[in-house]
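Residues in the sequence shown are numbered from -13 upward in steps of one, following the numbering used here.
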Amino acid sequence: MPVIDNARFTFLYIDLYSMGSSWVYPKSKIPYNIFRYITKGKAEFSINGEKNIVEENQIVYIPNGCTMSCQALTEKFEFYSIRFVTSVFYEGEDVLKKYYGIRRITENTGEDVYFKEIYKWVKSSHVARNNFVRGYLDLLIGALSLKGEDVNKRELGELGDEKDTLEKMRNKEYKASRQVDSRIQQVADYVVFHPTEKYNPEKMANMVSLSKQRFSSLFKENMGKTPMEYVREIRLTTAARKLLISDKNINDIAYEVGYEDTNYFIREFKAAFGFTPNQYRKSAK
């Protein structure tokens, strides 16, 4: 399967949950991707109306934007839960399912180590902890993809006649496997590490000695969004993570990710995640 080179996965949160037989998660829209590794018990997960019975030693994939409800079916139900977002969307498609072939439910054959390592490193104070968290999340996605569906074979069966199919597959492979322009990647990485700076397309273009027009065109071509759409996404993703891992107030978080107007930040956050920052924090708990 071709590599989606410009897809990046941003870790938000992990925790280990232990629930009793009365546990019920009410029907809610999920504003991030989730992997859950079931360590004990059994439960029913309804995802977009599809009922799934999940049990010990299984990994469940819950996609961003779905509607989910859950209820325990045993006296004790325990699971690790990882929340993350992806930086790339292809016409609203589920990137992890369509391009990585990740199934709704996967039997664990050693992938639990990634959950445990991420959980361990999140609690560490070591300067390299974020590197390990990002690395193990990528490894988990890779491992689940290897065990997932054969995407190319599946898509060949779903498309039209042989000639048309081969042409579409060639085009899809080219689009999926091309490298991100190094200049665009340089700017994109800088924004990730400096979300509070003031940006505009001209300033970003100057960072890599390109004209504003050329830079904006290349950025959209490589990242699938305009430079300022990307800046907004990085700021809001950073804010979402801060809401989950800290008790800082909304004003402080808004300022830390580059918003001087808290009300504007709240409107932008709700437009992106479907929740206000306070609702997002409460839903996580």
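Glycine included, C-beta positions come from ideal geometry on N, C-alpha and C.
Looking only at C-alpha atoms, which of Y66, P181, L132, R(-6) sits nearest to E41? Stepping through the sequence shown from its first residue, residue 41 is reached at position 55. Considering only alpha carbons, the answer is Y66.
Could you give the C-beta distance for F201 and P187, rounded to a whole number, given that I count them as a contact under 8 Å? Translated into the one-based positions of the sequence shown, residue 201 becomes position 215. Translated into the one-based positions of the sequence shown, residue 187 becomes position 201. Contact holds; Cβ gap of about 6 Å.
Which residue wins for smallest C-alpha separation from K28, given the options I20, N19, G51, N38? Counting from 1 along the sequence shown, the entry for residue 28 is found at position 42. Of I20, N19, G51, N38, the residue nearest in Cα terms is N38.
Compare the Cα-Cα distances from N237 to each of G260, N117, I252 and report the closest residue. Start at 1 with the first residue of the sequence shown, and residue 237 comes out as number 251. Comparing Cα positions, the closest option is I252.
Where do the ends of the alpha helix (DSSP H) carrying T223 lie? As a position in the sequence shown, residue 223 is number 237, starting the count at 1. Element bounds for T223: 213 to 231.
Beta strand (DSSP E) runs wholly inside the region 5 to 51, at least 3 long, in chain order: 10 to 15, 19 to 26, 28 to 33, 36 to 41, 44 to 48
Taking F70 and L(-2) to be in contact with their CB atoms under 8 Å, please state how far apart those CB atoms are, rounded to whole angstroms. Reading the sequence shown from its first residue, position 84 is the one you call residue 70. Reading the sequence shown from its first residue, position 12 is the one you call residue -2. Between L(-2) and F70 the Cβ distance is about 5 Å, and since that is below 8 Å, they are a contact.
Where V113 and G35 are concerned, what is the direct C-alpha to C-alpha distance, given to the nearest angstrom? Counted from its first residue, the sequence shown places residue 113 at position 127. Counted from its first residue, the sequence shown places residue 35 at position 49. Distance between the alpha carbons of V113 and G35: 43 Å.
Quick one: what's got a C-beta closer than 7 Å to S269's C-beta in the same chain, skipping five residues either side? Counted from its first residue, the sequence shown places residue 269 at position 283. Correct list, in chain order: S14, F261.
Pairs of beta-carbons, one from the region 77 to 96 and one from the region 44 to 64, closer than 8 Å: are there three or more? yes
Distance between beta carbons of S7 and T60, contact taken as under 8 Å: Along the sequence shown, read from residue 1 onward, the residue named residue 60 stands at position 74. Along the sequence shown, read from residue 1 onward, the residue named residue 7 stands at position 21. Contact holds; Cβ gap of about 7 Å.
Of the listed residues D98, A257, I16, E219, nearest to N43 (C-alpha basis): Here the question's residue 43 lines up with position 57 in the sequence shown. Minimum Cα distance to N43 is reached at D98.
Let me check understanding here. Comparing Cα to Cα, which of S232, T(-4), S4, Q57 lies closest to H20? The sequence position of residue 20 within the sequence shown is 34, counting from 1. It should be noted that the sequence gives Ile, not His, for residue 20. T(-4) is the residue among S232, T(-4), S4, Q57 whose C-alpha sits nearest the C-alpha of I20.
Given Y11 as reference, the closest of V177, L130, M54, L2 once Cα atoms are compared: For the purposes of this step, residue 11 is identified with residue 25 of the sequence shown, where counting begins at 1. Comparing Cα-Cα distances from Y11 to each of V177, L130, M54, L2, the minimum goes to M54.
Taking N264 as the reference, give the member of I0, A240, Y86, V81 with the closest Cα. Indexing the sequence shown from 1 puts residue 264 at position 278. Taking only the C-alpha atoms, the option nearest N264 is A240.
Let me confirm a value: T289 is counted as buried when at least 16 other C-beta atoms fall within 10 Å, else exposed. Which label applies? Since the first residue shown for the chain is -13 and the last is 271, residue 289 is missing from the structure and cannot be characterised.
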